[in-house]
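Protein chains in written order, with our numbering: chain A, 4 to 305; chain B, 91 to 361.
The structure appears below as structure tokens.
Okay, here's the thing in structure tokens:
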């Protein structure tokens, strides 16, 4: 494999392989930015990977009072799943348990589209007959009486089929500390890109996985080729100077958004440099046969 | 392109049904063809050219000048485009309207917006009784769209309303929102007696209270509800008075308990 070097950081001439997903977006508002954030954080908790969590979710951005339907501080949340049915199930459970319950919250569609997902239309039954339907300005809302007043929720949100999940970067550094610094810079860059999330804790995954296992029934297991402690024992992908590896996984509403986020991440890592950050950037793929979206790192250089 | 202008030659001596003069029915016709369109008067038929001076223009934008209260069913069943009426109109203005925009600078007669399904009807003067109400034998009144009345509305505004929004910036007569099935009705100034009489669902907002509240409405206290804020934001471009009213704390009365009881009347705190 050819190696490119940009400002001392080695970049593998490889590509990230990503998959088509179903996604939706929500706007969550509350009386204060703190409570809007709280509802969004709670709702997107335990949503790092579709393998174990049913969906991947995260905060896209915070919204100022001018950008929300009700003029209150808000947060835009993105949810990704492998099918519309699963997305509907996750949406209903998460909004019902985490947003409806959060003080002063309201929930609106965060994306337009033809295919609808039930939002208020599913949660309205909590009103036990006291729920009120309102149609204003071409939109349909449900008012559900709750103990601090009313929970206002738009009837539906939309689902996009153009979403992409699994855009990724593998960040390799000399020590755990410098690698983490590079990954943090990359994750921070992603938060500034619209329409994307990095669903892992703080945007970073330390336990990258490979498909399959020696154990029967285990679908995914540790990515031994990138484990620095196994460097001599397995067919490794690491160089002699590698001490730690972290992965960034990116989900976006469009393929362009994922590419933009990857470009921003690489730029942030390169800017930090090999001494304080990563020495090498790579990406995960399955040989290009499984996922339709390929992001070649050489096309995304700063 | 200028709007198509219809200037009334003189006040007709009988009532005149203007329902054929809506954008979707006259588009694609020449000036001569439009002048030959027959209109029904109370006892006989006349052609457009007999009663109006026509100046050809964009048929999607019709302007009626010198209008009077004998012109009935203006904008009936219109689906799009715009009709601007300078003056008063008679009964059933915007009847069964499904889209577009109808503006009347003067007053309208009874049953304006009756059976309306969509679009925007603005009445800058006053309107008669039964605004948005069903005609005899019909099950429901207005079922969509937005009606703005800058002046006063007569009795039974929003009778049997099914959906949509009616904003009356002035006063309203007795029984505003009577038998409402659902929808939203705002009265900026004082309403007559017994608003929401036998309403099932829906919301009525009274900016300055009413002459008498039915005893079948129960007090639910003063609230500043988020949905009112949301609604105010949507109504603000159409009616600043209504938007201001909705941003105040409002007393919620639930009713009419004589029937289903899932409706609500909100009363501004100043009353």
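For each residue, glycine too, the CB sits at the ideal point set by N, CA and C.
Say whether chain A places a C-beta atom closer than 8 Å to the C-beta of residue i.
| i | result |
| --- | --- |
| residue 233/B | no |
| residue 163/B | no |
| residue 356/B | no |
| residue 108/B | no |
| residue 351/B | no |
Name, in chain order, the residues that DSSP records as bridge partners for residue i.
| i | result |
| --- | --- |
| residue 56/A | DSSP output for residue 56/A lists no bridge partner at all. |
| residue 220/A | In the DSSP output, where bridge partners are listed per residue, residue 220/A has none listed. |
| residue 341/B | 312/B and 357/B |
| residue 321/B | Note: residue 321/B sits in no beta bridge, so no partner. |
| residue 2/A | Lying outside 4 to 305, the shown extent of chain A, residue 2/A is not represented and no answer is given. |
| residue 26/A | 83/A and 163/A |
| residue 7/A | 14/A |
| residue 254/A | 168/A and 200/A |
| residue 97/B | 143/B and 155/B |
| residue 283/A | 13/A and 175/A |
| residue 230/A | In DSSP, residue 230/A forms no bridge with anything. |
| residue 131/B | 106/B |
| residue 144/A | 137/A and 157/A |
| residue 274/B | 255/B and 293/B |
Run through chain B and tell me which residues come within less than 8 Å of residue i, C-beta to C-beta.
| i | result |
| --- | --- |
| residue 259/A | Simply none; closest approach about 31 Å. |
| residue 144/A | 317 and 320 |
| residue 152/A | 313, 315 and 316 |
Within the 8 Å Cβ cut-off, does residue i reach chain B?
| i | result |
| --- | --- |
| residue 155/A | yes |
| residue 123/A | no |
| residue 286/A | no |
Out of curiosity, what's the CA-to-CA distance linking residue i and residue j?
| i | j | result |
| --- | --- | --- |
| residue 263/B | residue 169/B | 30 Å |
| residue 305/A | residue 269/A | 7 Å |
| residue 101/A | residue 109/A | 11 Å |
| residue 354/B | residue 156/A | 19 Å |
| residue 49/A | residue 56/A | 6 Å |
| residue 238/B | residue 137/A | 18 Å |
| residue 290/A | residue 94/A | 33 Å |
| residue 204/B | residue 231/B | 6 Å |
| residue 13/A | residue 286/A | 12 Å |
| residue 239/A | residue 85/A | 31 Å |
| residue 298/A | residue 21/A | 8 Å |
| residue 240/B | residue 90/A | 46 Å |
| residue 361/B | residue 321/B | Reliability fails at residue 361/B, whose pLDDT of 43 lies under 50, so the model's placement of it is uncertain and the value that follows must be treated cautiously. Those two C-alpha atoms are separated by around 22 Å. |
| residue 130/B | residue 104/B | 10 Å |
| residue 255/B | residue 296/A | 47 Å |
| residue 178/A | residue 234/A | 15 Å |
| residue 228/A | residue 237/A | 7 Å |
| residue 295/B | residue 79/A | 32 Å |
| residue 340/B | residue 302/B | 17 Å |
| residue 255/A | residue 265/A | 11 Å |
| residue 127/B | residue 159/A | 45 Å |
| residue 28/A | residue 163/A | 9 Å |
| residue 183/A | residue 9/A | 19 Å |
Chain B partners of residue i, CB-CB under 7 Å?
| i | result |
| --- | --- |
| residue 138/A | 253 |
| residue 39/A | Per Cβ cutoff of 7 Å: no residues; residue 39/A is ~13 Å from chain B at best. |
Looking at residue i and the ligand GTP, is the gap between the Cβ and the nearest heavy atom below 7 Å?
| i | result |
| --- | --- |
| residue 132/A | With respect to the ligand GTP, the structure shown offers nothing to examine, as it has no ligands at all. |
Q) When Cβ atoms are compared, which residues of the segment 314-341 of chain B fall closer than 7 Å to chain A? A) 315, 316, 317, 319, 320, 321, 323 and 324
**Q.** Contact residues within the segment 70-82 of chain A, judged by C-beta distance below 9 Å to chain B
**A.** Correct list: 72, 73, 74 and 75.
(Q) Using a Cβ-Cβ cutoff of 9 Å, what residues of the segment 243-255 of chain B are near chain A? List them in chain order. (A) From the segment 243-255 of chain B, only 253, 254 and 255 have a Cβ closer than 9 Å to chain A.
**Q.** Selection of the segment 208-227 of chain A by Cβ proximity to chain B, strictly under 8 Å
**A.** none
Q.
Can you pull out the residues from the segment 98-110 of chain A whose beta carbon lies closer than 7 Å to at least one beta carbon of chain B?
A. For the segment 98-110 of chain A, the beta-carbon criterion of a distance under 7 Å to any beta-carbon of chain B is satisfied by 109.
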